[in-house]
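Okay, structure first, notes after.
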Amino acid sequence: MTDQNSQAELVRQSLKRRYRKERRFRAYGIAAIAVALAALVILFTDIIGKGHTAFIKTTITMDVAIDGEMMYLDDPTDERQMKMADFVEPLIQALIREIPGADQNDKAAVRDLINPYASNQLRDALKENPDLLGTTQTMTFLSHTNVDVYVKHANDPNYSIKLTEEERAWVDTLVEKGVVETSFNDVFFSRGDSRDPSRAGILGAIVGSLLTMVVTLALSFPIGVAAAIYLEEFAPQNRLTDFIEVNINNLAAVPSIIFGLLGLAVFINLFGMPRSVPVVGGLVLTLMTLPTIIISSRAAIKSVPPSIREAAEGIGASKMQVVLHHVLPLAMPGMLTGSIIGMAQALGETAPLLLIGMVAFIVDVPGGFFDSATVLPVQVFLWAGSPELAFIERASAAIMVLLTFLISMNALAIVLRKRLERRW
Amino acid sequence: MKLSKVLTSVALAGSVAALSAPAMARDTISIVGSSTVYPFATVVAERFGANTDFPTPKLESTGSGGGLKLFCQGIGTQHPDITNASRRMKPSEFDLCSSNGVTDITEFRIGSDGIVIASSSKAENLDISLEQLFLALGKQVPNPDNENELIANPYENWSDVDSSLPNKPIRVMGPPPTSGTRDAFVELAMQGGCEDLPAVADMSEDDMEGVCHSIREDGAFIEAGENDNLIVQKLIDDTDLFGVFGYSFLEENADRLQAARLEGMVPTVENIAADEYPVARSLFFYVKKAHVGVVPGINEYIEEFTSAGAMGPNGYLKSVGLIVPPREALMDLQDKAAEMPNLKKDVLM
Chain A
0 MTDQNSQAEL VRQSLKRRYR KERRFRAYGI AAIAVALAAL VILFTDIIGK
50 GHTAFIKTTI TMDVAIDGEM MYLDDPTDER QMKMADFVEP LIQALIREIP
100 GADQNDKAAV RDLINPYASN QLRDALKENP DLLGTTQTMT FLSHTNVDVY
150 VKHANDPNYS IKLTEEERAW VDTLVEKGVV ETSFNDVFFS RGDSRDPSRA
200 GILGAIVGSL LTMVVTLALS FPIGVAAAIY LEEFAPQNRL TDFIEVNINN
250 LAAVPSIIFG LLGLAVFINL FGMPRSVPVV GGLVLTLMTL PTIIISSRAA
300 IKSVPPSIRE AAEGIGASKM QVVLHHVLPL AMPGMLTGSI IGMAQALGET
350 APLLLIGMVA FIVDVPGGFF DSATVLPVQV FLWAGSPELA FIERASAAIM
400 VLLTFLISMN ALAIVLRKRL ERRW
Chain B
0 MKLSKVLTSV ALAGSVAALS APAMARDTIS IVGSSTVYPF ATVVAERFGA
50 NTDFPTPKLE STGSGGGLKL FCQGIGTQHP DITNASRRMK PSEFDLCSSN
100 GVTDITEFRI GSDGIVIASS SKAENLDISL EQLFLALGKQ VPNPDNENEL
150 IANPYENWSD VDSSLPNKPI RVMGPPPTSG TRDAFVELAM QGGCEDLPAV
200 ADMSEDDMEG VCHSIREDGA FIEAGENDNL IVQKLIDDTD LFGVFGYSFL
250 EENADRLQAA RLEGMVPTVE NIAADEYPVA RSLFFYVKKA HVGVVPGINE
300 YIEEFTSAGA MGPNGYLKSV GLIVPPREAL MDLQDKAAEM PNLKKDVLM
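Listed in order, the protein sequences are those of chains A and B. Per numbering that gives the first Met the number 0, the first sequence starts with residue 0, numbered consecutively. Per numbering that gives the first Met the number 0, the second sequence starts with residue 0, numbered consecutively.
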């Protein structure tokens, strides 16, 4: 009796200590989550803080007198004349008229406010509609990047303003008059890369990523699923299949740059495929995502209870019918989840693409699988390394776009799992 | 059964599309090469694309060596048409080209780039000779007590090297060994300050390079990766730090950074173009003549690059930081663009 009592006493005494221990253990867990969350919050505030201004563009709206004499142009349908015509002068004159106190001596300074490609816009407008010659049109142009930076970041110590005092005063009055305006940056979503930050867009990279992902999905999903089904349902258990299994697991851990080297050696050097195209990118990323898809698909097939197979076999279904009618539909949610996560991984990959030439400056938005293209993470990499400060905000904005894609893909994976998963 | 049919047809369609890729004719100019020339060449390419009916050339930044290797791989549209370089082609690279059938090459020297040592404009500036720079950054330097003996670099502060320099710890951020900027910095600045030292003067060329090209690894020189923006950011935050990078990054941040004087020279456009600033290098691009006429627009691209609108005294390349060639040199370039003379191996020796 005394013995039991003393034991109970011992337990009681240690109870406090054990509770304390458990509380500490939980606190460690909460601290770990807090650190992870803090890192995430820092990442997001930094990226959004730097990048949100990239979604704003600065434009100049003015009445342009399209004067043939000033432009050395009397027939816009004549190609030779169009080549030699001066499309900059009408823009300079139009802007001088808008700036109180500016005169013909300020031409060079005024020119610094207009985007260097604004003249192309005027040329294209004339090419499309030759009747505009001799009329006055209200047209909206992008401003020069320096103006864009000044309007958005005048008081930001991270940016250097490259306008002179006089030019700054002009821009201030133009903003007051409503000639210089800021609006949503649709250019960013409708153009390819550019060396002029205010004209640089992300559409080229989005389309490139999309084309690459289509190739990757079209190849890796069927191959991965077929491999998983065979290994799980049909393959005999022997040394060979063990060997294959070890290798697949190993491949999942191989650094992605190795797949890039393989792609360079096989697809480009051996098969003579062109560099920088989404097909080769997709093939390389297929090799990279295949192990992920095979492993997750096998796990999904494994989780289908044997009773279902046995029941199907019991009523006379063939092995193939069992697999296609029963196992595969039940395993599909798990397979899809694995594939989407594999695709999300592939979407964020740059290293293997470096070697097959997809890390490149490509202005035209790709129109097909054999057009030169780049992808979203590569675009981030290229912009982050540019000397122009205005590219920093665009790099952050591109990261936001990439993260949006990744979050939606992962959310889709979760939704699919929740919706389609069946529990036994 | 339906599912399997769908799966098989998707798989088949995918593999057919992938494997039947012909070595297709290409209508886009493919350019590879130096990351130093890249910011200039991309601007030209974009202008060219916007002002002509040709598609915009595709540019890959592979480094000078990587670019020449790809370029010399052979004739045919799977190989690039033009390669940029921040140094001249080496004779060995010329041989590689010839052995793969790339015999007709035209070389264009398109101006210069200076490498600057910069710091925050709030910091005390450096006015330093190349010899002092080597003493501050070399891995092995002459013993201050015995000039013929090499010892591990003992200097901690700039003022230890020479009393005229600031009394601040030696801390310099620069590019890693894979970078062309690092190569040029080592060859022009470090070797320039080292090869005449008595301890090194009598060495064989290989030994001399071994000493002169080695940057100290004890933390005074910090390798920053290829991202020069990162160096700029660090310099602004830390006034004791110096950074090594290309002139265009200095120009872009002119109101926040200042450049050190090297041998008394400030890196300005004029000093670099006149070769008076000691750490300046020439930039080149090489054209594969066999592709002219096969890939459309190569001649027109070269014309655009060598036009006065691009490389003239008020050209757009100047505004992105290229040190443009003087007028006569530009005229020669335009003649070259018209004639496209073959590069001879003996000029590379």
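Beta carbons are placed, not taken as given, at the ideal position from N, Cα and C, and that holds for glycine. Remember, predicted model here, so these are calculated numbers, not experimental data.
Are the CB atoms of L388(A) and Y158(A) nearer to each other than 8 Å? Contact annotation: L388(A) and Y158(A) have beta-carbon atoms nearer than 8 Å.
Specify the secondary structure class of T105(B) as computed by DSSP and reduced to three states. Taken through DSSP and simplified to helix, strand or coil, T105(B) comes out as strand.
Does the distance from the C-beta atom of S219(A) to that of G347(A) stay below 8 Å? In terms of Cβ geometry, S219(A) and G347(A) do not form a close pair [threshold 8 Å].
Could you check the C-alpha separation between I221(B) and F304(B) for me, to the nearest Å? Between the C-alpha atoms of I221(B) and F304(B) there is a straight-line separation of about 36 Å.
Looking at the C-beta of Q333(B), does it have a partner C-beta in chain A at a distance below 8 Å? Interface annotation, Q333(B): not in contact with chain A, CB-CB separation never under 8 Å.
Once DSSP output is grouped into helix, strand and coil, what is the label at T403(A)? Helix.
Comparing the C-beta of G48(B) with each C-beta of chain A, is any distance below 8 Å? Yes - at least one Cβ of chain A is within 8 Å of the one on G48(B).
In chain order, what residues of the region 235 to 247 of chain B put their CB closer than 7 Å to some CB of chain A? Hits within the stretch, in order: S247.
Name, please, each residue of chain A whose Cβ falls closer than 9 Å to the Cβ of A44(B). Near A44(B) (Cβ distances below 9 Å), the residues of chain A are R194, F360, V362.
Can you give me the start and stop residues for the alpha helix (DSSP H) that D123(A) sits inside? Residues 117 to 127.
Return the chain-ordered ranges of every beta strand (DSSP E) run that is complete within the region 32 to 67 of chain B and spans a minimum of 3 residues. As far as the region 32 to 67 of chain B is concerned, its whole beta strand (DSSP E) runs of at least 3 residues are 57 to 59.
Could you check how far apart the C-beta atoms of S350(B) and S33(B) are, in whole angstroms? I think they sit under 8 Å. Shown here, chain B extends from 0 to 348; a query on residue 350(B) therefore has no answer.
Do the region 325 to 340 of chain A and the region 246 to 258 of chain A touch if we need at least three Cβ pairs shorter than 8 Å? Short answer: they don't touch.
Can you look up I222(A) in the DSSP assignment and give me helix, strand or coil? When secondary structure is reduced to three states using DSSP, I222(A) falls in the helix class.
Beta-carbon proximity list for N435(B), same chain, < 8 Å, skipping 5 on both sides: Only positions 0 to 348 of chain B appear in the structure, and residue 435(B) is not among them; the question remains open.
Going along the chain, which residues of its own chain have a beta-carbon closer than 7 Å to the beta-carbon of Y149(A), five neighbours each way excluded? Same-chain partners within the cutoff: I160, L162, R167, V170.
Going by Cα to Cα distance, which pick from N166(B), K233(B), F133(B), R108(B) is closest to L370(B)? Any answer about residue 370(B) is impossible in this case: the structure gives chain B only from 0 up to 348.
Could you check the C-alpha separation between M138(A) and I81(B) for me, to the nearest Å? Near 39 Å, if we compare the C-alpha coordinates of I81(B) and M138(A).
Endpoints, the alpha helix (DSSP H) within which K161(A) is located: Looking at the DSSP string, K161(A) is not in any alpha helix (DSSP H), and its letter there is neither H nor E.
Starting from the N-terminal side, write out each stretch of the beta strand (DSSP E) that is 3 residues or longer and does not extend beyond the region 190 to 240 of chain B. Listed in chain order, they are 220 to 222.
Among the candidates L402(A), N409(A), D147(A), P351(A), whose CA atom is the shortest distance from the CA of P254(A)? Distance from the Cα of P254(A) is smallest, within the candidate group L402(A), N409(A), D147(A), P351(A), for P351(A).
Determine the chain B residues that contact A383(A) at a beta-carbon separation under 8 Å, and present them in chain order. Within 8 Å Cβ-Cβ: N226, N228.
7 Å Cβ shell around V321(A) - same chain, five flanking residues per side excluded: Cβ neighbours of V321(A) beyond the five flanking positions: R308, A311, E312.
Could you please tell me which residues of the region 110 to 121 of chain A, in chain order, have their CB closer than 9 Å to any CB of chain B? Residues P115, Y116, N119.
Could you check whether the Cβ of E164(A) sits closer than 8 Å to any Cβ belonging to chain B? Between E164(A) and chain B, the shortest Cβ-Cβ separation is not below 8 Å.
Interface positions of the region 263 to 295 of chain B facing chain A (Cβ-Cβ less than 7 Å), listed along the chain: For chain A, none of the residues of the region 263 to 295 of chain B brings a beta carbon within less than 7 Å of one of its beta carbons.
What is the DSSP secondary structure of A16(B), counted as helix, strand or coil? Only weak support is given to the placement of A16(B): the predicted model assigns it a pLDDT of 47, under 50, and the question is left unresolved by the model.
Are the C-beta atoms of D254(B) and some chain A residue less than 8 Å apart? Look at D254(B): its C-beta is under 8 Å from a C-beta on chain A.
Are the C-beta of Y58(B) and some C-beta of chain A separated by less than 8 Å? The sequence as given places Leu at residue 58(B); Tyr does not occur at that position. At least one chain A Cβ lies under 8 Å of L58(B).
Does DSSP put T172(A) in a helix, in a strand, or in coil? Looking at T172(A) - three-state DSSP - the assignment turns out to be helix.
May I have a chain-ordered list of the beta strand (DSSP E) segments no shorter than 3 residues that lie completely inside the region 131 to 174 of chain B? If we require 3 residues or more, the beta strand (DSSP E) runs fully inside the region 131 to 174 of chain B come out as 139 to 142, 145 to 151, 171 to 173.
Chain B contact for L388(A) (CB, 8 Å cutoff): Chain B contact via Cβ: present.
Under a CB-based cut-off of 8 Å, is G271(A) close to chain B? Yes, because at least one Cβ of chain B sits closer than 8 Å to the Cβ of G271(A).
So which residues on chain B does I391(A) lean against when the C-beta distance must stay under 9 Å? The contacting residues are N228.
DSSP state of Y285(B) mapped onto helix, strand, coil: When DSSP states are grouped into helix, strand and coil, Y285(B) belongs to the strand group.
Measuring alpha carbon to alpha carbon, tell me which residue in P115(A), T52(A), A101(A), T76(A) is nearest F86(A). Of the residues P115(A), T52(A), A101(A), T76(A), the one whose Cα lies closest to the Cα of F86(A) is P115(A).
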